[in-house]
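Chains as they are written, first to last, in the working numbering: chain A, 7 to 658; chain B, 200 to 570. Report on one structure; see the data block that follows.
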């Protein structure tokens, strides 16, 4: 047995050797295979591998969206097709040019010129219609390709148009919030793109292989669409009524400094940049510098009270409407004799203010104006913002000091004025204005006490009398609500002095004793009336009422009752329900119009007028189908609540 | 027979070169698991070292298992052959019960507390121990059909059926391969072997053509680029990885294919990451390393005097060699893809521990190599 075993052992040794040789052969074969794959096929595989992993040159993400404070969409992006050419791949230039020209309805000559380029890449037409894209796909011209881009749309049309700003065709923000937060909203670029599965779902990775979201980040503003809408509507009505050149309405929430509305007329629809002019695109609330006139007076009073230069009942001689300072004569619209200080503000006496200013002195008054932020940009950061115009006090003559005391001879922007009034409303402590909620503004807390709480309260009390006693602001009165207000009717500087054009303004703060809301209206060059009390105060009033109604602070019924009782001759011919309707070229109907065939942009604008942001299904630039159909009633508010597919548009 | 066992049990030194090679492969595996899984782990688990830490733990477990196997008295190892094989059968059967844990429709794992074990890896070792025992003890009967041929085939067959039920076609092929090599060396008649080879080939073909899923994978391997987005995806990505490596590779950690292109980059396709990051030079060095390891292992087999020692050593060598061969063949696109882990290198506790157990058994037996 041992012998037998011994014999077989040798046998198995040989066999093990055989198997070892077999293994060696197999491993050698695999080693050769590895060499073949890595060395011989390496280049080709490397090329293929990098082609699949490197993101294409035009792997664009979606630009970040802009929302209002409640999450209503103000700006978004939709996919669009763009046509480009790789000229070196085109063999037959003439045939290609003809085919492209036909598909895109462009002049053949221009196309041919582009195709003859020596570049690797030439845009033929950006953001083409789906019909054109389809025609091009059918034509299947070598070297001509389609790529997906995003184009910007603003669902609410001109609503807050200047604030939102605009982007160029490459998606770079040029103005407004689009420019201010361009870097944030810019879509990221993926270094690599992974085809996750056979279905072609894609995953974007950065250089370290981490998944990245190549869509830009969203921006959330402090604006409230409803209030912005109310402000724009009231402003548009006033401008139309008084044939004014331009106008601004600012609504600020006092407790936070949030700008709830920033309306600038003439309106600008960022969906239609081509047809717009620079005058429409101006964000007047930050760019335009005005001499504010009497609306600046409350600050003079606050400074004088704070300095002890006056008491509320200090008697001031208003000189019966004419008073000479140096060689200039100052006039009052409503001549008065001796008045206690608080009535000087109520009746807005220029002479009284000039005396207070002269009494206090240039340095002290200028110091207050500086602390309030005049002559300095706000930190909103919007492009084109003006710092206003405040001369150094050392250069002020007595005439200058007198003028600045009643709001002439100093240039301010609407936002500067708002910031200054915010200080008064905030018990004398400065507070910055906010336009953006997300990203949260990152700034040091630079709140400074300018006035004592008592001073601020006293001035507010004086401003309350402007509205609630026989002051200049009576037209802004709202029953049941106390309001602190101040009118302004500033003569606008013209060649060689002051001309016959005016800036009518009104500032309203409600409630008067502890303001929560600040509304500023400026109407530039009204033609049929001048006075702030007539032109601007009703706008402030309407905006305030509608804002308070929106917040549920006054009832909707009060709104119309108020309209009848207070609106004297000016508002009588524009009852509120009519004022509620937006200025529109399309008559409002009770049923849904036919939207099919319209461009997405146009359809969105149309629906935005009804406060509807439809759900978009499919891709494309034209509306193929709609729900509800034409002729059906509009979806009601109740239906809109909670569901987001009340109105659906199918695109193609 | 048992007399010879006792007489020759003089304790020598374990083969130091084999120890070195084993530790080298284990260490290299750790590095490659970190390199290939870091980014994926970061994304999925938020921890770059998620897989690395686990592999480190498994390596610790593996080293302990190796030490145990190295020191274990042979009598215990051999005496419990039937226990091992019954345990393997039971564990494989457990996979099919609710205790089993399935991924992508294949229930190849058993849940054991927080860990999942893959019984196949241990079944290989158990089968090899059984076959070695069988061929050594039944040497005089091996050439007969009923006693020498049927039992090992039936045992292997039952294991294979259990694997096919999981389904784990690759595992069944590996076990069949082990049986083939053990029979070849053990002395089964060539005619039986040839016939069974034909039979296996026929059965294999039937299995492949009967299942559309296997058939697709089969054809995908023949021309992976034709279905680069579907069945051929893994293989194409693997070849891209090797191709991108060229001569010197992209450098450790700098490979791109593991950025989610290559599924299971730290697992069955880890060699593709090696190929990409270390290039052909690195691959050649790796071939040398496993060549050296297998040479030391086979040298021990040939030098061992006792038949059961020799067959056992040969069997565990085959477990490792077949694993390495099949894995490389799959990632290089020369055989249809099957889920075969690269011993010592691929991520996975069961595979790693089983590999260390194999090394431990080899080292144990290497002490009996007459100097």
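Just so it is clear, CB atoms sit at the ideal spot from N, CA and C, and this is done for glycine as well.
Decide yes or no for the touch test of the stretch 42-51 of chain A against the stretch 464-481 of chain B: beta carbon pairs closer than 8 Å, at least 3 of them. yes
Residues of chain A with a CB under 8 Å from the CB of residue 223(B): which are they? Position 24 of the second chain, counted from the start, is the residue given in the question as residue 223(B). Under the 8 Å cutoff, chain A gives no residues; its nearest Cβ is about 17 Å from residue 223(B).
Close Cβ partners of residue 473(A) (< 6 Å) along its chain, the five nearest in sequence each way excluded: Here residue 473(A) refers to the residue found at position 467 when the first chain is read from its first residue. The residues are 479, 482, 483, 489, 491.
Which two residues bound the contiguous alpha helix (DSSP H) that contains residue 191(A)? In the first chain, counting from the first residue as 1, residue 191(A) sits at position 185. 188-191 is the span of the alpha helix (DSSP H), which, as asked, contains residue 191(A).
Along the chain, where does the beta strand (DSSP E) that runs through residue 492(A) open and close? Indexing the first chain from 1 puts residue 492(A) at position 486. Start and end: 490-500.
Complete runs of the alpha helix (DSSP H) confined to the stretch 495-549 of chain B [at least 4 residues]: 506-530
Measuring only between beta-carbons, confirm whether residue 201(B) sits less than 8 Å from chain A. As a position in the second chain, residue 201(B) is number 2, starting the count at 1. Any reading at residue 201(B) needs caution, since the residue's pLDDT is 41, under 50, leaving its predicted position unreliable; the model's value is listed next. Answer no: the Cβ-Cβ gap between residue 201(B) and chain A never drops below 8 Å.
Compute the distance between the beta-carbons of residue 255(A) and residue 523(A), then report whether it is under 8 Å. One-based indexing of the first chain puts residue 255(A) at position 249. One-based indexing of the first chain puts residue 523(A) at position 517. Result no, Cβ atoms of residue 255(A) and residue 523(A) do not sit closer than 8 Å.
Can you grab the Cα-Cα spacing for the pair residue 631(A) / residue 444(A), in whole Å? Within the first chain, the letter at position 625 stands for residue 631(A). Within the first chain, the letter at position 438 stands for residue 444(A). Their backbone Cα atoms lie some 35 Å apart in a straight line.
Quick one: using the 10 Å Cβ neighbour count with 16 as the cut-off for buried, is residue 175(A) buried or exposed? Counting from 1 along the first chain, the entry for residue 175(A) is found at position 169. With fewer than 16 other beta carbons inside 10 angstroms of its own, residue 175(A) counts as exposed.
How would you list, in chain order, the residues of chain A whose beta-carbon sits under 9 Å from the beta-carbon of residue 533(B)? Here residue 533(B) refers to the residue found at position 334 of the second chain. Near residue 533(B) (Cβ distances below 9 Å), the residues of chain A are 35, 36, 39.
What residues from the stretch 287-319 of chain B come within 8 Å of chain A, judged by C-beta to C-beta, listed N to C? The stretch 287-319 of chain B vs chain A, Cβ under 8 Å: nothing.
Straight-line gap, residue 634(A) to residue 621(A) (C-alpha atoms, nearest Å): Stepping through the first chain from its first residue, residue 634(A) is reached at position 628. Stepping through the first chain from its first residue, residue 621(A) is reached at position 615. One C-alpha to the other measures close to 12 Å.
Assign residue 424(A) to buried or exposed, taking buried as 16 or more other Cβ atoms, counted over all protein chains shown, within 10 Å of its Cβ. Sequence index remark: in the first chain, residue 424(A) carries index 418 (1-based). By the 10 Å Cβ count, residue 424(A) comes out buried.
Which residue marks the beginning of the alpha helix (DSSP H) containing residue 597(A), and which one marks its end? Locating residue 597(A) in the first chain gives position 591, where the first residue counts as 1. Looking at the DSSP string, residue 597(A) is not in any alpha helix (DSSP H), and its letter there is neither H nor E.
To which residues of the same chain is residue 454(B) closer than 7 Å at the C-beta, ignoring the five residues directly before and after it? On the second chain, residue 454(B) is found 255 positions in, with the first residue counted as 1. Hits under 7 Å: 440, 472, 475, 476.
What number of angstroms, rounded off, separates the C-alpha of residue 125(A) from the C-alpha of residue 143(A)? Along the first chain, read from residue 1 onward, the residue named residue 125(A) stands at position 119. Along the first chain, read from residue 1 onward, the residue named residue 143(A) stands at position 137. Going by the C-alpha atoms only, they are around 23 Å apart.
Alpha helix (DSSP H) runs contained entirely in the stretch 127-161 of chain A, provided each spans 4 or more residues: As for any alpha helix (DSSP H) of minimum length 4 sitting wholly inside the stretch 127-161 of chain A, the runs are 136-145, ordered along the chain.
Where does residue 623(A) fall in DSSP's three states? The sequence position of residue 623(A) within the first chain is 617, counting from 1. Three-state DSSP puts residue 623(A) in a strand.
Using CA atoms only, rank isn't needed, just tell me which of 82(A), 392(A), 247(A), 422(A) is closest to residue 157(A). Residue mapping note: residue 157(A) aligns to position 151 of the first chain, counting from 1. Considering only alpha carbons, the answer is 82(A).
Quick one, which of 489(B), 468(B), 391(B) has its alpha-carbon nearest residue 26(A)'s? Translated into positions along the first chain, residue 26(A) becomes position 20. Closest by alpha carbon: 489(B).
Taking C-beta pairs closer than 7 Å, name the residues in chain A that residue 500(B) reaches, listed in chain order. The residue labelled residue 500(B) in the question sits at position 301 within the second chain. The contacting residues are 22.
Using CA coordinates, which residue listed in 440(A), 475(A), 232(A), 429(A) is at the minimum distance from residue 454(A)? Mapped onto the first chain, residue 454(A) falls at position 448. It is 429(A) whose Cα lies nearest to the Cα of residue 454(A).
As assigned by DSSP and simplified to three states, the class of residue 178(A): Taking the first residue of the first chain as 1, we reach residue 178(A) at position 172. Coil at residue 178(A), not helix or strand.
Under three-state DSSP, which class holds residue 530(A)? Here residue 530(A) refers to the residue found at position 524 of the first chain. It is a strand residue.
Could you give the first and the last residue of the continuous beta strand (DSSP E) run that contains residue 515(A)? Counting from 1 along the first chain, the entry for residue 515(A) is found at position 509. Residues 503-516.
Could you check where the alpha helix (DSSP H) with residue 252(B) kicks off and where it finishes? Along the second chain, one-based indexing puts residue 252(B) at 53. First-last of the alpha helix (DSSP H) with residue 252(B): 249-270.
Chain B residues whose Cβ lies nearer than 7 Å to that of residue 542(A): The residue given as residue 542(A) occupies position 536 in the first chain. What residue 542(A) touches in chain B: nothing, since even the nearest Cβ is about 57 Å away.
Check for me: the beta strand (DSSP E) holding residue 315(B) runs from which residue to which? Stepping through the second chain from its first residue, residue 315(B) is reached at position 116. Per DSSP, residue 315(B) belongs to the beta strand (DSSP E) from 314-316.
For residue 638(A), which residues of its own chain have a beta-carbon under 8 Å away from its beta-carbon, when the five flanking residues on both sides are left out? Working through the first chain from its first residue, we reach residue 638(A) at position 632. Correct list, in chain order: 597, 598.
From 619(A), 53(A), 169(A), 34(A), pick the residue whose C-alpha is nearest to that of residue 5(A); which is it? The requested residue 5(A) does not occur in the structure, where chain A is confined to residues 7 to 658.
Below 7 Å CB to CB, which residues in the same chain sit around residue 530(A) once its five sequence neighbours on both sides are set aside? By 1-based counting over the first chain, the position of residue 530(A) is 524. These residues qualify, in order along the chain: 250, 251, 252, 253, 509.
Report the neighbours of residue 19(A) on chain B: residues whose CB is nearer than 7 Å to its CB, in chain order. In the first chain, counting from the first residue as 1, residue 19(A) sits at position 13. The answer, in chain order, is 501.
Check whether the stretch 225-238 of chain A and the stretch 151-166 of chain A are in contact - that is, three or more C-beta pairs closer than 8 Å. yes
Go through its chain and collect everything with a Cβ distance to residue 409(A)'s Cβ below 7 Å, but skip five positions before and after it. Here residue 409(A) corresponds to residue number 403 of the first chain, with the count starting at 1. Here the set comprises 415.
With a cut-off of 8 Å, does the C-beta of residue 446(B) fall near any C-beta of chain E? Absent here is chain E; the protein component of the structure consists of chains A and B.
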